[in-house]
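Trainee: I have a structure I would like to understand better, so I am pasting it below and will then ask my questions one at a time.
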Amino acid sequence: MSAKRRHDDDEVDRAASSNMKQKKRQVAASSNKNQKRHVAALILARGGSKGIPLKNIKPLAGVPLIGWVLRAAVDSEVFDSVWVSTDHAEIKKVAEAWGAQVHQRSPEVSRDSTSSLETIQEFLKYHNEVDIVCNIQATSPCLHPFDVREALKKITEDGYDSVFSVVRRHQFRWKEVDELSDEKTKALNLDPANRPRRQDWPGELCENGSFYFTTKDLINTGHLQGGKSIYYEMLPEFSVDIDGDIDWPVAEQRVLRYGYPGKVVRLLFCNVSACLAEGINALSSNTRNTSAIHMLQEKQVEVILLTSSNDAVAQSLADKLQKRTGCQVMKVGKKPQNNLEEVMKNKSLDWKHVAFMGFDQADEKLLKLAGLSAVPGDAPELASKAAKYICHLSRGSGAVWDFAEHIFLHKPMINFDKLNKSNEIKLVVYMLEISRDGFVVMVKKQILVQF
Numbered sequence: 001m002s003a004k005r006r007h008d009d010d011e012v013d014r015a016a017s018s019n020m021k022q023k024k025r026q027v028a029a030s031s032n033k034n035q036k037r038h039v040a041a042l043i044l045a046r047g048g049s050k051g052i053p054l055k056n057i058k059p060l061a062g063v064p065l066i067g068w069v070l071r072a073a074v075d076s077e078v079f080d081s082v083w084v085s086t087d088h089a090e091i092k093k094v095a096e097a098w099g100a101q102v103h104q105r106s107p108e109v110s111r112d113s114t115s116s117l118e119t120i121q122e123f124l125k126y127h128n129e130v131d132i133v134c135n136i137q138a139t140s141p142c143l144h145p146f147d148v149r150e151a152l153k154k155i156t157e158d159g160y161d162s163v164f165s166v167v168r169r170h171q172f173r174w175k176e177v178d179e180l181s182d183e184k185t186k187a188l189n190l191d192p193a194n195r196p197r198r199q200d201w202p203g204e205l206c207e208n209g210s211f212y213f214t215t216k217d218l219i220n221t222g223h224l225q226g227g228k229s230i231y232y233e234m235l236p237e238f239s240v241d242i243d244g245d246i247d248w249p250v251a252e253q254r255v256l257r258y259g260y261p262g263k264v265v266r267l268l269f270c271n272v273s274a275c276l277a278e279g280i281n282a283l284s285s286n287t288r289n290t291s292a293i294h295m296l297q298e299k300q301v302e303v304i305l306l307t308s309s310n311d312a313v314a315q316s317l318a319d320k321l322q323k324r325t326g327c328q329v330m331k332v333g334k335k336p337q338n339n340l341e342e343v344m345k346n347k348s349l350d351w352k353h354v355a356f357m358g359f360d361q362a363d364e365k366l367l368k369l370a371g372l373s374a375v376p377g378d379a380p381e382l383a384s385k386a387a388k389y390i391c392h393l394s395r396g397s398g399a400v401w402d403f404a405e406h407i408f409l410h411k412p413m414i415n416f417d418k419l420n421k422s423n424e425i426k427l428v429v430y431m432l433e434i435s436r437d438g439f440v441v442m443v444k445k446q447i448l449v450q451f
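Each residue of the sequence shown is one higher than the one before, counting from 1 in the UniProt record's numbering.
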């Protein structure tokens with residue numbers, strides 16, 4: 001047989017083999033679409049942060065840093081399990097309070113030199129049930145459930161092996177040179193002779209580090225990205241990285257405006273003696289707290305004041321507040337959780353739509369159960385760690401007002417309106433701002449996003 005004939009036969013064999021492999025991949029992808037796969041969210045939160053000690057649980061706008069992404073992950077409702085991989089006891093407590101399970105990482109993957117891939121591989125070694133992992137960065141507090149849901153579809157519906165988040169940057173890059181050398185710098189992504197206007201240049205896509213979806217099979221080959229891979233573009237407003245982009249005070253302002261605030265609160269239980277009293281013998285409430293209750297009621301948030309059967313001071317104060325505000329006053333017994341859940345059952349509510357404000361150790365369990373919870377700024381450490389928000393003000397001095405602001409300040413109300421002539425979706429974001437003086441300002445911002 002001639003060399004040419006052998007070559008032609010080899011080409012035919014390779015083509016047939018390639019087609020067969022492609023068909024197998026298509027069949028496998030189709031099978032994966034129909035087969036329910038376990039999707040896990042995994043946040044890596046080592047205790048030994050070099051910059052800021054225990055940065056992952058440091059309060060950011062009253063919420064532990066890791067709490068922002070855990071709230072988004074849980075509320076996305078696309079994960080079969082949500083995990084935090086940590087080596088620190090305090091991070092473990094915070095993670096569990098925010099609804100996550102905890103993987104106790106080994107010392108071998110807790111070193112400064114350990115890569116994210118190595119830590120994820122260890123996690124999968126002990127959790128073989130997981131098929132798809134979403135590595136969410138704890139330092140990306142402006143992540144929203146919508147982005148997580150849309151990105152996951154690219155794996156479960158479109159058959160991709162890895163999906164990672166990016167943001168569009170409009171920054172001209174130049175080659176770095178040694179100042180002591182004679183080498184001249186040069187442009188890396190533009191022609192200086194034809195410098196474009198910003199609005200005429202589409203910019204570049206850069207990883208923003210918010211999340212990385214990857215199949216277990218790909219991770220087992222030693223890759224976090226690869227196979228059939230695609231990016232998911234996020235808006236710049238939500239692409240915040242505490243690790244290096246901005247310092248902490250600026251990050252707090254950013255997260256108040258663009259962070260995900262959680263499910264809509266329909267009901268607030270408030271411990272009267274813990275949050276509204278001004279002292280043991282004080283029977284009057286701070287006027288700002290009373291105003292806060294009115295504000296919550298106006299926004300369709302029911303407020304129920306809680307007292308115990310043996311707390312006469314609190315009952316006296318609650319009676320006054322009931323006359324001023326029209327709030328229901330409710331006595332709780334030795335098992336307050338049962339009392340509160342009975343009310344919730346009658347109102348067809350679950351904990352994710354309920355807020356709770358307490359103060360001391362007795363409130364710890366309820367602080368953890370509530371979808372949104374808070375304590376005054378002078379609350380004991382145990383209660384503070386269980387709460388999802390720590391007020392700047394102390395009890396009796398406006399803490400309820402502070403918490404009400406947290407519920408409504410910059411809370412987005414998002415509507416998606418499909419356009420008639422294309423597959424574009426118009427994302428209209430309304431930001432509700434409430435100043436500390438009680439003035440309400442509605443700011444409307446329109447953003448056009450293509451999907």
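Ideal Cβ placement from N, Cα and C applies to all residues, glycine included.
So, is S309 buried or exposed, given that buried needs 16 or more other C-beta atoms within 10 angstroms?
Mentor: S309 is exposed by the Cβ-count criterion.
Trainee: Between E176 and the rest of its own chain, which residues show a CB-CB distance below 7 angstroms, the 5 nearest in sequence each way excluded?
Mentor: none
Trainee: Of all the options T139, F211, A45, V74, which has the alpha carbon lying nearest to the alpha carbon of D112?
Mentor: A45
Trainee: Give the secondary structure of F359 by DSSP, where H, G and I count as helix, E and B as strand, and everything else as coil.
Mentor: coil
Trainee: Grab the span of the alpha helix (DSSP H) containing K153 for me, first residue to last.
Mentor: 145-156
Trainee: Within 10 Å of its beta-carbon, does Y126 have 16 or more other beta-carbons around it, so buried, or fewer, so exposed?
Mentor: exposed
Trainee: Measuring alpha carbon to alpha carbon, tell me which of V102, R173, K92, Y232 ends up nearest D158.
Mentor: Among V102, R173, K92, Y232, the Cα nearest to that of D158 belongs to Y232.
Trainee: Which of the three DSSP states is assigned to K175 in this structure?
Mentor: The DSSP-derived three-state label of K175 is coil.
Trainee: Report yes if the CB atom of S373 is closer than 7 angstroms to the CB atom of A362, and no otherwise.
Mentor: No; because the gap between Cβ atoms is not below 7 angstroms, this pair is not in contact.
Trainee: For V69 versus A138, is the C-beta spacing smaller than 7 angstroms?
Mentor: Going by C-beta atoms, V69 is nearer than 7 angstroms to A138.
Trainee: Using DSSP with H/G/I as helix, E/B as strand and the rest coil, what is Q101?
Mentor: strand
Trainee: Give me the Cα-Cα distance between E207 and F164, rounded to the nearest whole angstrom.
Mentor: Going by the C-alpha atoms only, they are around 7 angstroms apart.
Trainee: Identify, in the order they occur along the chain, each residue of the same chain with its Cβ nearer than 6 angstroms to the Cβ of K421, setting aside the five sequence neighbours on each side.
Mentor: Residue placement at K421 is flagged as unreliable, the pLDDT there being 32, under the threshold of 50; a coordinate-derived value is accordingly withheld.
Trainee: For N346 versus L306, is the C-beta distance shorter than 7 angstroms?
Mentor: no
Trainee: Compare the Cα-Cα distances from Y389 to each of R173, A370, L340 and report the closest residue.
Mentor: A370
Trainee: Could you tell me the alpha carbon to alpha carbon distance between A29 and I43, rounded to whole angstroms?
Mentor: Residue confidence for A29 is low, a pLDDT of 49 falling below 50, so the modelled location carries little weight; the figure read from the coordinates is stated next. One C-alpha to the other measures close to 27 angstroms.
Trainee: On the CB-based measure, 16 or more other CB atoms within 10 Å of its CB, does A193 come out buried or exposed?
Mentor: Residue burial annotation: A193 is exposed, with fewer than 16 other C-beta atoms found within 10 angstroms of its C-beta.
Trainee: Is it right to say N135 is buried, meaning 16 or more other beta carbons lie within 10 angstroms of its own, or is it exposed?
Mentor: With at least 16 other beta carbons inside 10 angstroms of its own, N135 counts as buried.
Trainee: Which of the three DSSP states is assigned to Q137 in this structure?
Mentor: coil
Trainee: Going along the chain, which residues of its own chain have a beta-carbon closer than 7 angstroms to the beta-carbon of V63, five neighbours each way excluded?
Mentor: K388, Y389
Trainee: Thinking just about the alpha-carbon of each residue, which of P53, Q121, L367, C275 is nearest to the one in E108?
Mentor: The residue among P53, Q121, L367, C275 with its C-alpha nearest the C-alpha of E108 is Q121.
Trainee: Check for me: the alpha helix (DSSP H) holding K216 runs from which residue to which?
Mentor: K216 -> alpha helix (DSSP H) spans 216-220.
Trainee: For F238, which three-state DSSP category applies?
Mentor: Looking at F238 - three-state DSSP - the assignment turns out to be helix.
Trainee: What three-state label does DSSP hand F123 in the structure shown?
Mentor: Residue state, collapsed to three classes: helix.
Trainee: Residues in the same chain with beta-carbon distance under 7 angstroms from S394, minus the five sequence neighbours each way, listed in chain order, please.
Mentor: P376, G377, D378
Trainee: Comparing alpha-carbon positions, which option in E183, W174, K186, F213 lies nearest V166?
Mentor: F213
Trainee: Is S162 near S229, with beta carbons less than 7 angstroms apart?
Mentor: Between S162 and S229, the C-beta spacing is below 7 angstroms.
Trainee: Given a threshold of 16 other Cβ atoms within 10 Å of its Cβ, counted over all protein chains shown, does I66 qualify as buried or as exposed?
Mentor: With 16 or more Cβ atoms within 10 Å of its Cβ, I66 is classed as buried.
Trainee: Check whether the Cβ atoms of E129 and H38 lie closer than 7 angstroms to each other.
Mentor: yes
Trainee: Compare the beta carbon distance of L218 and G226 with 7 angstroms and say whether it is the shorter of the two.
Mentor: yes
Trainee: Going by DSSP, what residue range makes up the alpha helix (DSSP H) through F408?
Mentor: Per DSSP, the continuous alpha helix (DSSP H) segment holding F408 begins and ends at 399-408.
Trainee: Please state whether the Cβ-Cβ distance between H103 and G47 is less than 7 angstroms.
Mentor: no
Trainee: Smallest Cα separation from T185: which of W174, D191, R195?
Mentor: W174
Trainee: Quick check: Y260 and H406, are their CB atoms within less than 7 angstroms of each other?
Mentor: Not a contact, by the Cβ cut-off of 7 angstroms.
Trainee: Under 8 angstroms by Cβ, that's how I've got L349 and R266 pegged, so tell me the actual separation to the nearest angstrom.
Mentor: 6 angstroms
Trainee: Tell me which residue opens and which closes the beta strand (DSSP E) that A41 is part of.
Mentor: It spans 39-44 - the beta strand (DSSP E) in which A41 sits, taken as one unbroken run.
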